[in-house]
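Colleague: The following block contains the structure, expressed as structure tokens.
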Amino acid sequence: MQKRDFLKILVPATAVGALLSNRVFGKILIHNSKNQNTQKTNKKSMKIVVLTGSPRKNGNSAYLAEQFIKGAEESGHNVFRFDAAFQKVEGCTACNHCGMDGDCVLKDDFETVRPHIVAADIVVFVSPMYYFGLSAQIKTVIDRFYAINEQIKGKRKKTAFLMTYANATKEDAQPMLLHYRTMANYLGWEDAGTVIASGVWTAGAIRNTNYGEKAYQLGKNI
Ligand SMILES: Cc1cc2nc3c(=O)[nH]c(=O)nc-3n(C[C@H](O)[C@H](O)[C@H](O)COP(=O)(O)O)c2cc1C
């Protein structure tokens with residue numbers, strides 16, 4: 330791939346509103362209709378990678394990931410979970426040794442998840458909000474997609490996004506959502522749904538909300 334292709338994904342200003350308003354990518358949760366249950370029985374088992382980004386083992390996004398995985402496994406899917414904060418993954422050095430499609434000079438735990446991402450039917454991103462963006466831990470893993478860009482871009486995959494944050498202001502979630510949707514658009518992956526959990530600050534606060542149920546239903550019906 331030419332480097333200029335990588336840059337071509339800049340979203341025109343007019344498309345940003347559509348991205349944010351779910352008209353292009355978003356699918357509103359959730360999925361309890363009889364029709365969907367009927368459809369589900371015909372679904373094949375899918376390979377799902379869940380990438381998490383929080384260093385809090387019993388935190389709010391970890392709970393969303395657990396609930397999503399519970400639903401997905403109950404529906405017969407295979408889940409590979411990669412907790413970025415507990416793995417050793419270095420930042421891309423932009424050496425371009427990989428040429429966006431090859432070996433990476435960094436030999437670390439990304440090697441573990443790499444083949445799973447390439448083979449996945451669905452890649453799920455789970456992150457707390459850190460200063461209005463993804464956590465550094467999950468972003469570091471995403472940047473390493475560079476070495477497999479050609480193997481994952483334009484391939485038939487779905488993606489989903491689960492996020493948590495302390496504030497209750499809806500607008501605060503927009504930068505992360507736009508990032509997720511722009512990335513999904515660039516990679517050509519179909520958005521399968523989002524769970525945006527606001528107002529959860531302390532670890533475990535999410536257990537007193539219905540966001541866990543939303544994540545479970547998303548996994549169950551994906
Ligand atoms: C470094 C750091 C930055 C944060 N930045 C924000 C922020 O910009 N907006 C917000 O509402 N909450 C912010 N928070 C709060 C977390 O998003 C919130 O506690 C979230 O539920 C943490 O998820 P976790 O339990 O999965 O780690 C921040 C927390 C930390 C530790």
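Residues in the sequence shown are numbered consecutively from 330, following the numbering used here.
Each residue gets a CB set at the ideal place from its N, CA and C atoms; glycine is no exception.
1) On the DSSP letters alone, give me the boundaries of the beta strand (DSSP E) that Phe461 sits inside.
2) Ordered along the chain, which non-local residues of its own chain (more than five positions away) have a Cβ less than 6 Å from that of Phe409?
3) Are there any heavy atoms of ligand 1 lying less than 7 Å away from the beta-carbon of Arg510, as far as the coordinates show?
4) Taking one C-beta from the region 395-407 and one from the region 430-447 each time, how about it: are there three or more such pairs within less than 8 Å?
5) Which term fits Tyr545, buried or exposed, when burial requires 16 or more other beta carbons within 10 angstroms of its beta carbon?
6) Could you tell me which of Ala526, Glu500, Lys376 and Ala449 sits nearest to Leu491, measuring between CA atoms?
7) With hydrogens ignored, establish whether the beta-carbon of Ala495 is closer than 7 Å to any heavy atom of ligand 1.
8) Do three or more CB pairs link the region 494-506 to the region 467-485 at distances below 8 Å?
9) What does DSSP give as the partner residue(s) for Ala413 in the beta ladder?
10) I'd like to confirm something about Arg385: is its beta-carbon nearer than 7 Å to some heavy atom of ligand 1, or not?
Modeller: On the basis of the coordinates in this document:
1) Annotation for Phe461: no beta strand (DSSP E) segment contains it, and DSSP assigns it neither H nor E.
2) Here the set comprises Val378 and His445.
3) no
4) no
5) buried
6) Ala526
7) yes
8) no
9) Bridge partners of Ala413: none, in fact.
10) yes
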